[in-house]
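A.B. asks: One structure is given below, represented as structure tokens, and several questions about it will come after.
Residue numbers (this note's numbering): 5 to 260.
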């Protein structure tokens, strides 16, 4: 893929899971990285381990002022912004008839509003400085609903459409915007489900490759999408799910 030496990237939600895997792959490729997260201790640990090549920025990605500050600090530290990976997300599950407004807002704000704010301010800089490439992490659930996941699935569907709309608007400014739609990935956020044997078995029944993906298996596709090898890929949704989308979502209602 591209020679990434000298490039600069932002990764939101970069202190754990898929965001951490992308961050480490970027560093290995010679990219300087600004990592946004709420985990201040982990950010400090990452800074210390990668002095001069990584800055940690404590940020609430649902707050516009924090995103503006993130872009500003990135450029101040490293002189530019070439790539952005908007990964931060989480979910508070609930049946539609029972879910609180607060839990709905938490999920939609973190999974969708944060991506809007991030793309807005990342693209503002890129638009004025020759372009760039943005990757948003959506989900298989952008296409496939799940029990007790209306907020999450709706938000991730929104991320996919936001990605397409951003690609449409920003292509004229040499900014490419694409999405990755992960399936079941082994991260701290999914462990509460998959550690229950019956639930894990229900997932495996649906995933033709019969395993969860690893976070690092999302990093390669993410870097591909910002590389010169993907120079004509724009507004795309890349499923990275072990062929899960062709089989459907497991019925988890019996476990709730």
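Yeah, the Cβ is synthetic: ideal placement off N, Cα and C, and Gly gets one too.
1) Which word fits residue 236, buried or exposed, when buried means at least 16 other C-beta atoms lie within 10 angstroms of its C-beta?
2) According to DSSP, is residue 193 helix, strand or coil?
3) Identify which residue in 150, 164, 220 has its Cα closest to the Cα of residue 100.
4) In chain order, which continuous runs of the beta strand (DSSP E) of length 3 or greater are located wholly inside the stretch 186-258?
5) Determine, using beta-carbon pairs with one atom in the stretch 150-166 and one in the stretch 113-125, whether at least three such pairs fall under 8 Å.
6) Exposed or buried, residue 41, counting other C-beta atoms within 10 Å across all chains shown (16 or more means buried)?
7) Roughly how many whole angstroms lie between the Cα atoms of residue 176 and residue 207?
8) Where does residue 254 land, buried or exposed, given buried means 16+ other C-beta within 10 angstroms?
9) Sort 53, 11, 33, 8 by Cα distance to residue 19 and report the nearest one.
10) Below 9 Å between beta carbons: does that hold for residue 155 and residue 92?
11) Out of 229, 256, 233, which one is the CA nearest neighbour of residue 243?
12) For residue 143, which option in 134, 153, 170, 135 has the closest C-alpha, if you only look at C-alpha atoms?
13) Find out if the Cβ-Cβ distance for the pair residue 90, residue 68 is shorter than 9 Å.
14) Please identify the residue among 190, 17, 186, 70 whose C-alpha is closest to the C-alpha of residue 47.
15) Where residue 204 and residue 133 are concerned, what is the direct C-alpha to C-alpha distance, given to the nearest angstrom?
16) Where are the beta strand (DSSP E) runs, 3 residues long or more, that stay fully inside the stretch 154-188, in chain order?
17) Which residues in the same chain as residue 128 place their Cβ atom closer than 8 Å to its Cβ, once the five residues preceding and following it in sequence are excluded?
18) Apply the 10 Å Cβ neighbour rule to residue 259 and answer buried if 16 or more other Cβ atoms are within range, or exposed otherwise.
19) For the putative contact between residue 241 and residue 185, defined by C-beta atoms under 8 Å, what is the C-beta separation to the nearest angstrom?
20) Does the beta-carbon distance from residue 86 to residue 136 come in below 9 Å?
21) Restricting to runs no shorter than 3 residues, where is the beta strand (DSSP E) found entirely within the stretch 16-79?
22) From 194, 232, 190, pick the residue whose C-alpha is nearest to that of residue 222; which is it?
23) Have a look at residue 256 and residue 209 and give me their C-alpha separation to the nearest angstrom.
24) Please classify residue 88: does DSSP put it in a helix, a strand, or coil?
25) Determine the contact status of residue 62 and residue 38, defining contact as a CB-CB distance below 9 Å.
26) Are the CB atoms of residue 29 and residue 193 nearer to each other than 9 Å?
27) Which partner residues of residue 112 appear in the DSSP bridge assignment?
C.D. replies: In brief:
1) exposed
2) coil
3) 150
4) 241-244
5) yes
6) buried
7) 42 Å
8) buried
9) 53
10) no
11) 229
12) 153
13) no
14) 17
15) 46 Å
16) 179-186
17) 75
18) exposed
19) 6 Å
20) yes
21) 36-41, 58-62
22) 190
23) 12 Å
24) strand
25) no
26) no
27) Answer by DSSP bridge pairing: none, since residue 112 is not bridged.
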